[in-house]
Every structure is written in structure tokens, then in C-alpha cells.
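Enquirer:
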Amino acid sequence: MPRLKGLDSSGPTDPSTPIHQLPKLEEFVPSQRLPNLLTVRDEDGRLSGTETSEKVVQYRRVYPAPTDEINSGDLYLTRESRVGCGHHSNVYHASFLIPPSNSPVRVVAKVAVPRLEAREFLHHEAAIYTEFPEYLTQDFTGYALVPGLKYPVPVGAVVPKFYGYYLPAEDGYTVGTIARPSPILLLEDCGSPVDPQTLSHDDKAECFSLFLRLHLSGFLQKSAFRKNILVQPGPLTAPPQDRSTDTPSFRLIDFGRAVRRPKGNQKDWLDDKETEVKDAQKVLRIPRHSMC
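So for the sequence shown, the numbering used here puts the first residue at 5; every next one is plus one.
See below:
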């Protein structure tokens, strides 16, 4: 295929700072500033293709819909930067460079294993992120009484910020091209899975409220497991050096099975919502009727 303008075939330079020590990207990035083209350096073969040995792979943005402007960015990930794995995907800390900045930042890169179902889950999750209202990713101060809870809870963000979904820039590539490198989903790094045994009553209420707020926005997560509820020092409205685990920030992740509220008959959706409420209470070890 013809070379894509704006990409350096030599790939991005190794970050001078280890990936886990890079500052996290926590700000909202407008779609026009996200790279339309992405050079990915993958020396350890983390992109999950079955017939690939390329250490530098060129990608194009699919979501949010790319602009006409040709702008490129760099991504770098390693075997050591993996922070999670599952049946369908692997998750890495990655070095992300968005011009005109020449200082890389840390994001989460989610890639699918080489199976069609896994690639479809990742594609669906990316589409869901494009449909989330922006307020679900925003960090607010103060408290709110969320319908379904007996008392107010903090109103931080519900889901990570979305930094783009990219496919390999190859002629004829589709989500079903299993032999080639995986699509990449880039997200805000929101911490580690919670341990319900160590959560206070108020922390459990805040985590539970994330599911309720997601439902109010018209979505079901459909995967209410401990590993999909993350915690990090907070509040995120404070500078990083002033954050503490005494004031944690929580977030929901993993929307590969998520569903939207239908416009027509909603009986099944409402039944599934009730099931998800019970599942969330169970995983958070919340006694029935103690909060809602």
C-alpha cells in the first residue's frame, strides 16, 4: 500500500522515562486533536496477531470519526507494561505522544487476542465509548442524591476518558482479520481493581452509584465484576501530589458487552437492569436494602 503521509517508518523513539513513571493523561482531548494516524512501536509483539513480526505498525483512527487533517501520533508498549489480561483482551500501560507536544504521557492500551469474538467485543466497546455522553467522563466536585440510593454520594466521573480506537492501516483490513495485529482502544488510566473487603460503607455506596448513573444515562455495563471497578487516589480535581487513598476515585471499565436502552419495548432492558443492580450489590458485598 502507499505510505501514509505523516508517519515515520522508523517508529517513535523509546521513552526516556519508563512507561509506568510517565504522567497520566487525564484531560479531555478534543477529537480534532487526537491523531488520525498512529505509529505503534511493538518490539515484544504485544498486538496479538498470529502472522506478524513487525516491530512498528501503522494505524488509522476509526473512532472518534477522523478529521480531514493529516496529523500523526506515537504509541509505545512493552511486555513489561502489561497491567491486565483476560479471556478476550490484554491491557497495557502505553507511552502516548500527541503532537505538537514532544512529552509523552501514559494511557491504557487495550488489545484483543486473535479470536473473532474478542475482536468484535473490542470493536463494540469502542462504539459504546463514542456514544457515552461527555458528562460521564467529567470530574465534578460535590455530592448528589442518585435515584436508587438513600443518601448523597460524590459525583466523580463514571467511565474513563476515551482517546481513540485505531485499526491497522492496511488495505482490506477488517475486525475479522485475525492473522494481523489487533485494533487498539486507548483510554485514561483509572487505577486498579477494588477490593470490596477493604471498602468503607461510603466507598461501596459511591461504587454502586456508578452503575446507577450509567443506567440513568441509558446504558448497562453487563459485566459487573470486581476487576471492572477501578480505584485510584483522589480526588482527581486536586493536583496529583495532593491526592490520597483516603479520598479515592472510582471508575467503571469494560464495555465489550454493554447495551444501550432500546427505543421500543424496554421490558428486557429493565429486567437486565434489575439483574445488574443485584450483581453490583453482590460483588460490592452490599447487604440488600441497606442503600436503596
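We put the beta carbon where it would ideally sit given N, CA and C, even for glycine. Predicted, not measured: the structure shown is a model, and the values here were computed from it.
1. Among the residues of its own chain, which have a CB less than 6 Å from the CB of K208, if the five just before and after it don't count?
2. Cβ atoms of H128 and G260: under 9 Å apart, would you say?
3. Residue range of the alpha helix (DSSP H) that D193 falls in?
4. Note down the Cα distance separating M5 from Y170, rounded to an integer number of angstroms.
5. What distance in whole Å lies between the Cβ atoms of Y96 and R50, which are believed to be in contact at a cut-off of 8 Å?
6. What are the start and end residues of the beta strand (DSSP E) that includes F100?
7. Does the beta carbon of E135 sit closer than 9 Å to a beta carbon anywhere in chain B?
8. In whole angstroms, what is the alpha-carbon distance linking V117 and R247?
9. Within the continuous alpha helix (DSSP H) that includes I233, where are the two ends?
10. Please return the same chain residues whose Cβ sits closer than 6 Å to the Cβ of D48, not counting the five positions on each side in sequence.
11. I think V150 touches S213, with their Cβ atoms under 8 Å apart; what is that distance to the nearest whole Å?
12. In whole angstroms, what separates the C-alpha of V111 from that of K154?
13. Mapping DSSP to helix, strand and coil, what is R265?
14. How should G176 be labelled, buried or exposed, when 16 other C-beta atoms within 10 angstroms of its C-beta is the threshold for buried?
15. Which residue or residues does DSSP assign as beta-bridge partners of V44?
16. May I ask you to list the residues that DSSP assigns as paired with K28?
17. Should Q62 go down as buried or exposed, given a rule of 16 or more other Cβ atoms within 10 Å for buried?
18. So R255 and C194 are in contact, right, with Cβ under 8 Å, and what is the actual spacing, rounded?
19. Spatial neighbours of F229 within its chain, please: CB distance less than 7 Å, with the 5 preceding and 5 following residues excluded, ordered by chain position.
20. With 16 other CB atoms within 10 Å as the buried threshold, where does S196 fall?
Expert: So, to answer that:
1. Within the sequence shown, residue 208 is the residue found at index 204, counting from 1. So the list reads L288, I290, once near-sequence residues are dropped.
2. One-based indexing of the sequence shown puts residue 260 at position 256. One-based indexing of the sequence shown puts residue 128 at position 124. A contact, by the Cβ cut-off of 9 Å.
3. As a working mapping, residue 193 is identified with position 189 in the sequence shown. Looking at the DSSP string, D193 is not in any alpha helix (DSSP H), and its letter there is neither H nor E.
4. Mapped onto the sequence shown, residue 5 falls at position 1. Mapped onto the sequence shown, residue 170 falls at position 166. Caution applies to M5, whose pLDDT of 34 falls short of 50 and renders its modelled position unreliable; the model cannot decide the point.
5. For this step, residue 50 is matched to residue 46 along the sequence shown. For this step, residue 96 is matched to residue 92 along the sequence shown. So it is a contact: roughly 6 Å between Cβ atoms.
6. In the sequence shown, the residue the question calls residue 100 occupies position 96. Where F100 is concerned, the enclosing beta strand (DSSP E) stretches over 93-101.
7. Looking at the structure shown, chain B is missing, and only one protein chain is on hand.
8. What you label residue 117 is simply residue 113 of the sequence shown in a count that begins at 1. What you label residue 247 is simply residue 243 of the sequence shown in a count that begins at 1. When rounded, the distance between both Cα atoms is 35 Å.
9. Position 229 of the sequence shown, counted from the first residue, corresponds to residue 233. Per DSSP, I233 belongs to no alpha helix (DSSP H); it is in the beta strand (DSSP E), 233-238.
10. For the purposes of this step, residue 48 is taken as the residue at position 44 of the sequence shown. Within the same chain, D48 has close Cβ partners T82, R83.
11. As a working mapping, residue 150 is identified with position 146 in the sequence shown. As a working mapping, residue 213 is identified with position 209 in the sequence shown. With a Cβ gap of about 5 Å, V150 and S213 count as contacting.
12. Position 107 of the sequence shown holds residue 111. Position 150 of the sequence shown holds residue 154. Going from the Cα of V111 to the Cα of K154 covers about 36 Å.
13. Locating residue 265 in the sequence shown gives position 261, counting from the first residue. The answer is coil: DSSP assigns R265 none of H, G, I, E or B.
14. The sequence position of residue 176 within the sequence shown is 172, counting from 1. Classification for G176: exposed.
15. As a first step, residue 44 is located in the sequence shown; it is residue number 40 there, counting from the start. DSSP output for V44 lists V61, L79 as bridge partner(s).
16. In the sequence shown, counting from the first residue as 1, residue 28 sits at position 24. R110.
17. As a first step, residue 62 must be located in the sequence shown, where it is residue number 58. Under this definition Q62 is a buried residue.
18. For this step, residue 255 is matched to residue 251 along the sequence shown. For this step, residue 194 is matched to residue 190 along the sequence shown. About 4 Å; that satisfies the 8 Å criterion.
19. Translated into the one-based positions of the sequence shown, residue 229 becomes position 225. So the qualifying residues of the chain are V287.
20. The residue given as residue 196 occupies position 192 in the sequence shown. That one is exposed.
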